[in-house]
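Undergrad: These protein sequences, in sequence, are chains A and B. Heads up: the first sequence at position 11 corresponds to 275 in the numbering used here, and the numbers run straight through without jumps. Heads up: the second sequence at position 42 corresponds to 306 in the numbering used here, and the numbers run straight through without jumps. C-beta: ideal position from N, C-alpha, C; glycine also. Note that the structure is predicted; figures quoted are calculated from it, not measured.
2 protein chains.
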Amino acid sequence: MPRQVDHEARRRHIAAAVWRLAAAGGLEEATIRRVATEAGVPARQLQYYFGTREELLLGALDLLNADGEAEAQQRIAALGDAPSPREVLRSVLHELLPLDENRRQRNLVHAAYFVRFLADHTLRERIRDTPPELENLIALLLPEEHRADADFLLAGAAGLQGQMLLGHLTAERAVELIDHQLDRIFPVVS
Amino acid sequence: MPRQVDHEARRRHIAAAVWRLAAAGGLEEATIRRVATEAGVPARQLQYYFGTREELLLGALDLLNADGEAEAQQRIAALGDAPSPREVLRSVLHELLPLDENRRQRNLVHAAYFVRFLADHTLRERIRDTPPELENLIALLLPEEHRADADFLLAGAAGLQGQMLLGHLTAERAVELIDHQLDRIFPVVS
DNA sequence: CGTGATGTGGTGCACTCGTACCATAAACTA
DNA sequence: TAGTTTATGGTACGAGTGCACCACATCACG
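1. With V352/B and L343/B assumed to form a contact (beta carbons below 8 Å), what rounded beta-carbon distance in angstroms separates them?
2. By the 9 Å beta-carbon criterion, what residues does the segment 427-441 of chain A contribute toward chain B?
3. Pull up the CB-CB distance for L291/B and L328/B, whole angstroms please, since I reckon it's below 8 Å.
4. Taking all protein chains shown into account, decide if H374/A is buried (16 or more other Cβ within 10 angstroms of its Cβ) or exposed.
5. Mind listing, in chain order, the continuous alpha helix (DSSP H) runs of no fewer than 4 residues lying wholly within the segment 324-370 of chain A?
6. Check this for me: beta carbons of L360/A and V439/A, under 9 Å apart or not?
7. How is L441/B classed by DSSP in three states: helix, strand or coil?
8. Which term fits V299/B, buried or exposed, when burial requires 16 or more other beta carbons within 10 angstroms of its beta carbon?
9. Shorter than 9 Å from the beta carbon of M265/A to some beta carbon of chain B?
10. What's the C-alpha gap between E335/A and G289/A?
11. For L285/A, I'd like the list of residues in its chain whose CB is within less than 7 Å of its CB, leaving aside the five on either flank, ordered along the chain.
12. Within the 9 Å Cβ cut-off, does A422/B reach chain A?
13. On the three-pair Cβ rule with 8 Å, is the segment 270-281 of chain B touching the segment 421-430 of chain A?
14. Check whether the segment 409-418 of chain A and the segment 394-412 of chain B touch, using three or more Cβ-Cβ pairs below 8 Å as the test.
15. In the structure shown, what three-state DSSP assignment does L433/B receive?
16. Just to confirm my understanding: we take A324/A, look at its own chain, exclude 5 residues before and 5 after, and list those with CB closer than 6 Å. What are they?
17. For R297/B and chain A, any beta-carbon pair shorter than 9 Å?
18. I want to see whether chain B comes within less than 9 Å of A288/A, judged by CB atoms only; does it?
19. Would you say A412/A lies against chain B (beta-carbon separation less than 9 Å)?
20. Note down the Cα distance separating D270/B from L310/A, rounded to an integer number of angstroms.
21. Got a sec? Which residues, its chain only, sit under 7 Å from M265/A by beta carbon, not counting five neighbours each side?
22. With a cut-off of 9 Å, does the C-beta of D415/B fall near any C-beta of chain A?
23. CB-CB under 7 Å to L405/A, same chain, minus the five flanking residues each way: which ones, in chain order?
24. I'd like to know if V452/B contacts chain A, where contact means its C-beta is closer than 9 Å to some C-beta of that chain.
25. State the start and end residues of the unbroken alpha helix (DSSP H) segment that holds V452/B.
26. Beta carbons nearer than 8 Å to chain B: which residues of the segment 374-387 of chain A have them?
27. Among Q338/A, V452/A and R380/A, which one has its Cα closest to the Cα of E318/A?
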């Protein structure tokens, strides 16, 4: 094949531009021409590598989700070879919070897509904000009696995320609130 | 003054059109021409009663918040003259969930504005999704020792709202999860 | 009766949008 | 070397946008 280029690298480069614009000003800022300018490539290239604008946005989201999942698994693996259920659960919950620039940008982009998915019923399953995989993982870690607590924990983390993004809540307080709940669910035997 | 018309009524009529469009397809669907068509008035009237599009969107949000606050207070007043703290807290939390068409539409519109406010730092305080007034009210109702639980409850309700809007959670399950938390905070003395 | 404030309606302009289309360069295959 | 596929660049078009501007009703007041 002639003129071989690294398709995947190009797509990631363009997708990153989508993320920056969407995180800064929502999906409506991620117009084709603006993404092209942000990425430093001619607008025509977005057409070539993604097709229509809809496909560009969805493609960029898929790449973001892949990145996020990889980063999350890496962070959980870093807990050691025999992490306690509490440690794993805490990691999963922290994954939903904007605790560093990567997670913050992902949360912002997800929020932008969230509204779009509320309108587009056919694409809802593409949201990975609080996917069933998380619920399943947590269900494995916790005894059945704590199922309701676990579901509410996930919802709580999502809510804390929103408050943090709005600047209504500091990272310290959010972590503190989560740890308070964990203390209750995993009582210190002492 | 000549040709007196009910300004407030006209503004509400137009604002309602904004809500419907924003709830159905996000803020970007609420273009001036489309809102005019939806409201059944010439586009020029939006200019006259609201000015620029930005002012139209903000004005529509203020009216929505006023409506929501009135409805919430009415629902709390309906609890009787000496409601228990648990009842009040439960009502406040339910106010955040899309439990009927009114609240559902309000939640959808709020979600649409949420993303916009993430970008526009100067307008953040206009969001009333989980305003400090709620936190203050709850702080009054609960002993200091439950402050952390209350904050997490509010976050949890916001998270449940998102899952319900996405169709990942039924109203019954959401209410059940909240009641489960309330049972813990207000133990049955029996 | 005017006179001026208040409200209505329509149109036009400058701009951005998404995407289709066309020409050409580059590199692999035969 | 010729031919084919892959990739790039630029442009043009129709549609939709926010908003400014203008002409005209309608009514209260002098």
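TA: The answer reads as follows:
1. Position 88 of the second sequence holds residue 352/B. Position 79 of the second sequence holds residue 343/B. Their Cβ separation, rounded to whole angstroms, is 7 Å, which keeps V352/B and L343/B in contact under 8 Å.
2. If the cut-off is 9 Å between Cβ atoms, the segment 427-441 of chain A has Q427, L429, L430, G431, H432, L433, R437, A438, E440 and L441 near chain B.
3. Your numbering for residue 291/B matches position 27 in the second sequence. Your numbering for residue 328/B matches position 64 in the second sequence. At roughly 13 Å, the Cβ-Cβ gap does not stay under 8 Å, so L291/B and L328/B are not in contact.
4. Numbered from 1 along the first sequence, position 110 holds the residue referred to as residue 374/A. Its Cβ being crowded by 16 or more others within 10 Å, H374/A is buried.
5. Correct list: 349-359.
6. Within the first sequence, the letter at position 96 stands for residue 360/A. Within the first sequence, the letter at position 175 stands for residue 439/A. Result no, Cβ atoms of L360/A and V439/A do not sit closer than 9 Å.
7. Here residue 441/B refers to the residue found at position 177 of the second sequence. Residue state, collapsed to three classes: helix.
8. On the second sequence, residue 299/B is found 35 positions in, with the first residue counted as 1. Sixteen is the threshold: when 16 or more other Cβ atoms of the shown chains lie within 10 Å of the Cβ of V299/B, as they do, the residue is buried.
9. Start at 1 with the first residue of the first sequence, and residue 265/A comes out as number 1. Unreliable positioning characterises M265/A in this predicted model, as indicated by a pLDDT of 42, which lies under 50. A coordinate reading is not provided.
10. In the first sequence, residue 335/A corresponds to position 71, counting from 1. In the first sequence, residue 289/A corresponds to position 25, counting from 1. G289/A has its alpha-carbon roughly 24 Å from the corresponding atom of E335/A.
11. Here residue 285/A refers to the residue found at position 21 when the first sequence is read from its first residue. Exclusion of the five residues before and after L285/A leaves E293, A294, R298, V299 and E302 as the residues of its chain whose Cβ lies within less than 7 Å of its Cβ.
12. Indexing the second sequence from 1 puts residue 422/B at position 158. For A422/B, at least one C-beta of chain A is nearer than 9 Å to its own C-beta.
13. With the cut-off at 8 Å, the segment 270-281 of chain B and the segment 421-430 of chain A do not touch.
14. No: the two stretches stay apart, fewer than three of their Cβ pairs being nearer than 8 Å.
15. Working through the second sequence from its first residue, we reach residue 433/B at position 169. Annotated three-state conformation of L433/B is coil, per DSSP.
16. One-based indexing of the first sequence puts residue 324/A at position 60. The beta carbon of A324/A sits closer than 6 Å to the beta carbons of A279 and V282 from its chain, once the five residues preceding and following it are set aside; these are given in chain order.
17. For the purposes of this step, residue 297/B is taken as residue 33 along the second sequence, with counting starting at 1. Not closer than 9 Å to any Cβ of chain A, the Cβ of R297/B fails to qualify, so no.
18. On the first sequence, residue 288/A is found 24 positions in, with the first residue counted as 1. At least one chain B Cβ lies under 9 Å of A288/A.
19. Locating residue 412/A in the first sequence gives position 148, counting from the first residue. It does; some Cβ of chain B falls within 9 Å.
20. Here residue 270/B is taken as the residue at index 6 of the second sequence, counted from 1. Here residue 310/A is taken as the residue at index 46 of the first sequence, counted from 1. Taking the straight line joining both Cα atoms gives about 50 Å.
21. Looking up residue 265/A in the first sequence gives position 1. Unreliable placement is indicated for M265/A, whose pLDDT of 42 sits below 50; the coordinate value is still reported in the next sentence. Cβ neighbours of M265/A within its own chain (closer than 7 Å, five residues either side excluded): none.
22. To locate residue 415/B, count along the second sequence from 1; it is residue 151. Closer than 9 Å: yes.
23. The residue given as residue 405/A occupies position 141 in the first sequence. P349, V352 and L353.
24. Within the second sequence, numbered from 1, the residue matching residue 452/B stands at position 188. No Cβ of chain A is located within less than 9 Å of the beta carbon of V452/B.
25. The residue given as residue 452/B occupies position 188 in the second sequence. Note, V452/B: premise wrong, no alpha helix (DSSP H); not H, not E.
26. Listed in sequence order: A375, A376, F378, V379, R380, F381, L382, A383 and H385.
27. Taking the first residue of the first sequence as position 1, residue 318/A is located at position 54. Taking only the C-alpha atoms, the option nearest E318/A is R380/A.
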